[in-house]
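Visitor:
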Amino acid sequence: MTTFEINDVFVPTEPLENINGAFRIIETLNLEKVVIIEIDSQYNRGPKWLEYDDFVNLIHSEKIVNQIDPYWQLSFLSAHLPPAATERLKKVIAFTENFSQTEIFVKPKALRSAITAAATSLNLSRKTIERWLYAWLKSGRNCNAVVDKFMTRKSRLQHNDQTSGRKRGAKNPTLGSECEVSGAEVASKIKQTYECLIKTEKMTWRSAYDEMIITRFNIPPELILKENNEILLDPAIISKYRLPTWDQFRYRCRQEKKNTVTDGDELPRGKRGLASESVPGPGFFEIDATFFQIQLVSRITKGLLVGRPVVYLIVDLFDGIIAGYSVTLENPSWATAALALHNCFSPKQPIFERLGLPFSENDWPCHHLPNMLRADRAELISNMGHHFNRSGIRVEVTPSMTPIAKGTVEGKNAQIKHRKNGRFNLPGQYSKILKRRESDGKKQAALDIFEFEKILVEIIMELNRSPVRPKQIPPDAIPFGASVATRKGLHAWALEHRAGFTRLMPPNFAYEYLLTQATGTVTTLGIAFKGEVYISDRLREVGFLNRALDGSYKIAISYNPLFAAEIFFFDRDESKWCGAYNTDPEVYRIKASFSEAKEYRTLQKQLVNQAKLEGHIASKKRQTYIRKSIREAIKLRNFDKENSSKNAIDIIANRAEEKALHRAESMNGALNDNKEILVSAELHPTPEKNNVCNEGRDTLWEKVNAVSRS
1 MTTFEINDVF VPTEPLENIN GAFRIIETLN LEKVVIIEID SQYNRGPKWL EYDDFVNLIH
61 SEKIVNQIDP YWQLSFLSAH LPPAATERLK KVIAFTENFS QTEIFVKPKA LRSAITAAAT
121 SLNLSRKTIE RWLYAWLKSG RNCNAVVDKF MTRKSRLQHN DQTSGRKRGA KNPTLGSECE
181 VSGAEVASKI KQTYECLIKT EKMTWRSAYD EMIITRFNIP PELILKENNE ILLDPAIISK
241 YRLPTWDQFR YRCRQEKKNT VTDGDELPRG KRGLASESVP GPGFFEIDAT FFQIQLVSRI
301 TKGLLVGRPV VYLIVDLFDG IIAGYSVTLE NPSWATAALA LHNCFSPKQP IFERLGLPFS
361 ENDWPCHHLP NMLRADRAEL ISNMGHHFNR SGIRVEVTPS MTPIAKGTVE GKNAQIKHRK
421 NGRFNLPGQY SKILKRRESD GKKQAALDIF EFEKILVEII MELNRSPVRP KQIPPDAIPF
481 GASVATRKGL HAWALEHRAG FTRLMPPNFA YEYLLTQATG TVTTLGIAFK GEVYISDRLR
541 EVGFLNRALD GSYKIAISYN PLFAAEIFFF DRDESKWCGA YNTDPEVYRI KASFSEAKEY
601 RTLQKQLVNQ AKLEGHIASK KRQTYIRKSI REAIKLRNFD KENSSKNAID IIANRAEEKA
661 LHRAESMNGA LNDNKEILVS AELHPTPEKN NVCNEGRDTL WEKVNAVSRS
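Going by UniProt numbering, the sequence shown opens with residue 1, and the numbers climb by one from there.
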């Protein structure tokens, strides 16, 4: 396989012997030698050569890598050259024909002889011929390299600034000529805006233009804050305050950008199409997840870090509006994607009320099911969300490792994640690729997930208020005014005038297609699922538990993998899904997911098994002492066995005496300390251990029994 071509430019990645920088391949000789010439050398050095095998090894070991040709902008066509430059170009073309034989570059003596012969024939110095020859080789055998400085005259790059007169260029068809402002009037303010806002603060051109209109033309604040002010559409305001048009501002910014010295030129790229160009109306969505580069803290205390959140965004391709979102601390999965989908398909007023934001339903008119949903090869093809395809929404899965296939939502992710000067700085935010000594956001973290969600919704609302491209506004939407030029306004207009691709969410849609489907087992105790038992009053009312008396059976359920405290079953009598709740209240208290609940049960079993083992070890240690005590008791019993009486009356008397020995003050001494018990024992000595009946005396109980017998 060919690893390089003639005229390719390579640069070493590490210091190499006899190679001091970028070089160009001139020719290869019989797969034995590779002839090269250094491009960025300070001196006019001639060609060199390397062994072919050594050169190939350098490429395979990545000690040299291919790079962009620095002469790619040099044209092979020459026109409008001065007479002297034209004459020089003819001489270069004439003598370079003698160097078409490549073997001459590996023979220094022959090369020097050829250069001397060319200098003699053209009546020029040898140094001049060497300089022209090496410039020709460095540029890839382009003769125009010798006359390049005559082709790019500075006078052609300079812009003749307008100092007086009326506005140049095409006239604005919507405004009168008396409202147009010449470039000379606004050039200084546009230049100041470019230097301060675009170059220094890195603002976008459109944002800088809006900021310039507000701050640099002395427009009264009451006119700016007025609702539907339409400053750029009122000829009287433009004529009074001498406002530049967007085209004027953009043109001046382009001129300033050309005059700015850049580190290096990039290759030109062709313009690609836009995703919105082939979309007939709203209802074609893209979804994607991203890790937001910001460190969050706990809602319990600001001193505890909880890491970075995961943000899901859903974008409509027709107008670029963000139709839904979700923000969690969970990893990307179908469960978190389902939160974003439900947010997208539902009205947004409950969200504003929960977050305490001053917005209404009209500020975010997105609550419809789409016709198509485009996603990458992740959540929507998992075993958790495989039922979503049955919902009537066409799912398009993009190829792997091709984010450009859903570039609209990728662009929205970049707009939200990346810092925008002039918006606000989030504490704890950090760059995706950290540079040396750059903060990772952990010391500056101050936002919890609730506060971050409020700011995220504010950013989403700001993006939804941003204008669309002018070509996106349909002709029949222009009479509705400037409101349709925003993303939310165009979306609201298109729902009525470009209808047919959206629909409202049915009542049971979330249970049937967004939650995960599974099968549970109904027993007399409840619904058994994944090692947990769920109970509900509705199970008894519809007779599910009574039917389980004849044996357990299966039913279809829906559940959220992130919450193991509840599941849902379908009630056919009322045609709705009802909830069943975990019989263990600890699962709800710790808000465990199903994976965490499984881990929790496993840990419980491990603790029980460990307790059994420790109990067995302790019992085994005490068995020796207990058996010894038993043997001693048996030995004493055998010794006193001859004097014991088995008569029931004697047993009753002995029992009474034994009970009396165990009776004492304060619950047999349980309520007193040891000292009080000892004092009590001294005041009330215990009777002797000898049995009274053995001494031939009648006890009180014997007298009672005698009276009873009589």
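Think of the CB as a built atom: it goes at the ideal place given N, C-alpha and C, for glycine as much as any other residue.
1) Using a 10 Å radius around the Cβ and a threshold of 16 neighbouring Cβ atoms, would you call Ser431 buried or exposed?
2) Verify whether the separation of the beta carbon atoms of Gly21 and Asp8 is less than 9 Å.
3) Looking at the secondary structure, which residues open and close the alpha helix (DSSP H) in which Ser666 lies?
4) Can you name the residues that DSSP bridges to Gln517?
5) Run the CB neighbour count on His367, radius 10 Å, all protein chains shown included, and call it buried at 16 or more, exposed below.
6) Would you call the CB atoms of Phe217 and Val279 closer than 9 Å?
7) Assuming Tyr312 and Ile287 make a contact with CB atoms under 8 Å, what is their CB distance in whole Å?
8) Which two residues bound the contiguous alpha helix (DSSP H) that contains Arg589?
9) Just to confirm before moving on: does the CB-CB distance between His497 and Asp476 stay below 9 Å?
10) Which residue's Cα is closest to the Cα of residue 733: Asn371, Arg45, Leu31, Asn66?
11) Would you report the Cα separation of Ile68 and Glu277, rounded to the nearest angstrom?
12) Just to confirm, are Ser360 and Gln349 a CB contact at a threshold of 9 Å?
13) Under three-state DSSP, which class holds Phe569?
14) Which residues does DSSP pair with Asp316 in a beta bridge?
15) Beta carbon of Ala114, beta carbon of Phe99: below 9 Å?
16) For Gln429, which beta-bridge partners are listed by DSSP?
17) What is the rounded straight-line gap between the Cα of Asn18 and the Cα of Ala135?
18) Under 8 Å Cβ to Cβ from Phe568, same chain only, skipping five residues before and after it: list those, please.
19) Is Glu632 helix, strand or coil when you go by DSSP?
20) When the distance is taken between beta carbons, is Ser391 closer than 9 Å to Phe509?
21) For the alpha helix (DSSP H) containing Pro108, name the first residue and the last one.
22) Can you tell which of Tyr553, Ala664, Val147, Asp234 has its C-alpha closest to the C-alpha of Gly481?
23) Residues bridged to Met212 by DSSP?
24) Can you tell which of Phe388, Thr301, Val297, Val397 has the C-alpha that lies nearest to the C-alpha of Ala338?
25) Going straight from the alpha carbon of Thr583 to that of Ala564, what length do you get?
26) Among the residues of its own chain, which have a CB less than 8 Å from the CB of Leu89, if the five just before and after it don't count?
27) Just how far apart, CA to CA, sit Phe424 and Val310?
28) With DSSP as the reference, please indicate the residues paired to Glu38 in a beta bridge.
29) Ile224 to Ala85, Cα distance in whole Å?
30) Relative to the C-alpha of Leu133, which residue among Ala633, Ile26, Ile459, Val56 is closest?
31) Contact check, Gly526 vs Val533 under 8 Å by CB: the rounded distance?
32) For Arg394, which of Gly283, Asp247, Leu357 has the nearest alpha-carbon?
33) In chain order, what residues of the same chain lie with their CB nearer than 7 Å to the CB of Pro427, ignoring the 5 residues before and after it?
34) Applying the criterion that 16 or more other CB atoms from any shown protein chain within 10 Å of the CB defines a buried residue, is Asn546 buried or exposed?
35) Quick one: grab the DSSP three-state call for Met151.
36) Given this structure, state the Cα-to-Cα distance separating Thr245 from Ala494, to the nearest angstrom.
Guide: Let me spell this out:
1) What you label residue 431 is simply residue 431 of the sequence shown in a count that begins at 1. Around the beta carbon of Ser431, fewer than 16 other beta carbons lie within 10 angstroms, which makes this residue exposed.
2) Against the sequence shown, residue 21 aligns to sequence position 21. Against the sequence shown, residue 8 aligns to sequence position 8. No.
3) Taking the first residue of the sequence shown as 1, we reach residue 666 at position 666. It spans 665-669 - the alpha helix (DSSP H) in which Ser666 sits, taken as one unbroken run.
4) In the sequence shown, the residue the question calls residue 517 occupies position 517. BP columns for Gln517 point to Ser558.
5) Here the question's residue 367 lines up with position 367 in the sequence shown. So His367 ends up on the buried side.
6) Reading the sequence shown from its first residue, position 217 is the one you call residue 217. Reading the sequence shown from its first residue, position 279 is the one you call residue 279. Not closer than 9 Å, so no.
7) Reading the sequence shown from its first residue, position 312 is the one you call residue 312. Reading the sequence shown from its first residue, position 287 is the one you call residue 287. 7 Å between Cβ atoms; contact.
8) For the purposes of this step, residue 589 is taken as the residue at position 589 of the sequence shown. Arg589 -> alpha helix (DSSP H) spans 585-589.
9) Within the sequence shown, the letter at position 497 stands for residue 497. Within the sequence shown, the letter at position 476 stands for residue 476. A contact, by the Cβ cut-off of 9 Å.
10) No statement about residue 733 is possible, as the shown extent of the chain runs from 1 to 710 and does not include it.
11) On the sequence shown, residue 68 is found 68 positions in, with the first residue counted as 1. On the sequence shown, residue 277 is found 277 positions in, with the first residue counted as 1. If you take the alpha carbons of Ile68 and Glu277, they lie about 33 Å apart.
12) Within the sequence shown, numbered from 1, the residue matching residue 360 stands at position 360. Within the sequence shown, numbered from 1, the residue matching residue 349 stands at position 349. Yes, the pair counts as a contact, with Cβ atoms nearer than the cut-off.
13) On the sequence shown, position 569 is the one that residue 569 refers to. Here Phe569 sits in strand by DSSP.
14) Counted from its first residue, the sequence shown places residue 316 at position 316. Paired residue(s): Phe285.
15) Walking along the sequence shown from the start, residue 114 turns up at place 114. Walking along the sequence shown from the start, residue 99 turns up at place 99. Closer than 9 Å, so yes.
16) Within the sequence shown, numbered from 1, the residue matching residue 429 stands at position 429. According to DSSP, Gln429 bridges with Ile294.
17) Mapped onto the sequence shown, residue 18 falls at position 18. Mapped onto the sequence shown, residue 135 falls at position 135. Cα to Cα, Asn18 sits roughly 20 Å from Ala135.
18) Translated into the one-based positions of the sequence shown, residue 568 becomes position 568. Around Phe568: Tyr511, Leu515, Ile557, Ser558, Tyr559, Trp577, Cys578, Gly579, Ala580.
19) Position 632 of the sequence shown, counted from the first residue, corresponds to residue 632. Glu632 falls in the helix class under three-state DSSP.
20) Residue mapping note: residue 509 aligns to position 509 of the sequence shown, counting from 1. Residue mapping note: residue 391 aligns to position 391 of the sequence shown, counting from 1. Between Phe509 and Ser391, the C-beta spacing is below 9 Å.
21) Position 108 of the sequence shown, counted from the start, is the residue given in the question as residue 108. Taken as a continuous stretch (DSSP letters only), the alpha helix (DSSP H) holding Pro108 covers 108-122.
22) As a working mapping, residue 481 is identified with position 481 in the sequence shown. The option with the nearest alpha carbon to Gly481 is Asp234.
23) In the sequence shown, the residue the question calls residue 212 occupies position 212. Its beta-bridge partners do not exist; DSSP assigns none.
24) Taking the sequence shown and counting its residues from 1, the one referred to as residue 338 is at position 338. Ranking the options by Cα distance to Ala338, first place goes to Phe388.
25) Translated into positions along the sequence shown, residue 583 becomes position 583. Translated into positions along the sequence shown, residue 564 becomes position 564. Cα to Cα, Thr583 sits roughly 11 Å from Ala564.
26) Locating residue 89 in the sequence shown gives position 89, counting from the first residue. Ser78, Leu81, Cys143, Asn144, Val146, Val147.
27) By one-based count along the sequence shown, residue 424 stands at place 424. By one-based count along the sequence shown, residue 310 stands at place 310. When rounded, the distance between both Cα atoms is 20 Å.
28) Here residue 38 corresponds to residue number 38 of the sequence shown, with the count starting at 1. For Glu38, which the question treats as bridged, DSSP gives the partners Phe23.
29) Walking along the sequence shown from the start, residue 224 turns up at place 224. Walking along the sequence shown from the start, residue 85 turns up at place 85. Using only the alpha carbons, I get a separation of about 59 Å.
30) Reading the sequence shown from its first residue, position 133 is the one you call residue 133. Nearest C-alpha to Leu133: Ile26.
31) Taking the sequence shown and counting its residues from 1, one reaches residue 526 at position 526. Taking the sequence shown and counting its residues from 1, one reaches residue 533 at position 533. 5 Å between Cβ atoms; contact.
32) The sequence position of residue 394 within the sequence shown is 394, counting from 1. Ranking the options by Cα distance to Arg394, first place goes to Gly283.
33) As a working note, residue 427 is residue 427 in the sequence shown. Closer than 7 Å at the Cβ level, and outside the excluded window around Pro427, lie Gln444, Ala445, Ala446, Leu447.
34) Within the sequence shown, residue 546 is the residue found at index 546, counting from 1. Counting Cβ neighbours within 10 Å, Asn546 comes out exposed, since fewer than 16 surround it.
35) One-based indexing of the sequence shown puts residue 151 at position 151. Residue state, collapsed to three classes: helix.
36) To locate residue 245, count along the sequence shown from 1; it is residue 245. To locate residue 494, count along the sequence shown from 1; it is residue 494. Roughly 28 Å separates the two Cα atoms.
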